[in-house]
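Engineer:
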Amino acid sequence: SATSQVVHSAGRRFIVSPVPEGRLKDQ
Amino acid sequence: AEDTGVRVELAEEDDGKKPTIALKLWVEDHKKLKGKYKESGAIEFTFDLEKEVPEVVAQEMVESGFFQESDAKTVGKSIRDRVALIKWRRGRTAAIVA
Numbered sequence: 028s029a030t031s032q033v034v035h036s037a038g039r040r041f042i043v044s045p046v047p048e049g050r051l052k053d054q
Numbered sequence: 195a196e197d198t199g200v201r202v203e204l205a206e207e208d209d210g211k212k213p214t215i216a217l218k219l220w221v222e223d224h225k226k227l228k229g230k231y232k233e234s235g236a237i238e239f240t241f242d243l244e245k246e247v248p249e250v251v252a253q254e255m256v257e258s259g260f261f262q263e264s265d266a267k268t269v270g271k272s273i274r275d276r277v278a279l280i281k282w283r284r285g286r287t288a289a290i291v292a
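Protein sequences appear in the order of chains X and L. Numbering of the first sequence is given in our numbering, commencing with residue 28 and proceeding in unit increments. Numbering of the second sequence is given in our numbering, commencing with residue 195 and proceeding in unit increments.
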C-alpha cells in the first residue's frame, strides 16, 4: 500500500499511510 | 474524551519508558471538521511526551497542508486527549508496580 512523507520546516516527519481498515465512520 | 472526529492512536506498543512515541492520526468523521482534510490516509508522527505540545504539532500539520487553520484547535485537542490518556496509563502502571 502507498505511503508518502512530508517533512515540516521544523524537522518533524509526517508519514501518510492508509487508514487502519474498518476505522472510518463516513466513508 | 470528546469525539472530535479526529482519531489519534498509538502507532507502536507503548513500553511505558520511552519519552518519544509514535502516534497515528486520521479523520474519522469529516463532518466534524470546518475545513477540508487534504489526505484520505492516516498521518504518523513521533511525539515527545515530556517536551512537546500537542497544539504545536497540530499547527505543523496545518502548515504542512494536511488541515486548514480553522481545524488546528480540534486536531490539537485530539492529540492532547490521547497524550493525556497515555500519560495516565503510564502513571497507573507505575503505581501498580510500586
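Cβ atoms here follow ideal geometry from the backbone N, Cα and C, with glycine treated the same way.
Tell me which residue opens and which closes the alpha helix (DSSP H) that Ser31 of chain X is part of.
Structural biologist: Not the alpha helix (DSSP H): Ser31 of chain X falls in the beta strand (DSSP E), residues Ser31 to Val34.
Engineer: Using DSSP's beta-bridge definition, name the partner residues of Trp220 of chain L.
Structural biologist: L:Arg201
Engineer: Could you run through the stretch 238 to 257 of chain L and flag, in chain order, every residue whose CB is less than 8 Å away from some CB of chain X?
Structural biologist: Glu238, Phe239, Thr240, Val251, Glu254, Met255 and Glu257
Engineer: Does DSSP put Glu207 of chain L in a helix, in a strand, or in coil?
Structural biologist: coil
Engineer: Between which residues of its own chain and Arg276 of chain L is the CB-CB distance below 6 Å, once the five residues before and five after are set aside?
Structural biologist: Val202
Engineer: Whose CA, out of L:Thr214, L:Asp197 and L:Ala288, lies closest to the CA of Lys245 of chain L?
Structural biologist: L:Thr214
Engineer: How is Arg39 of chain X classed by DSSP in three states: helix, strand or coil?
Structural biologist: coil
Engineer: For Trp220 of chain L and chain X, any beta-carbon pair shorter than 9 Å?
Structural biologist: yes
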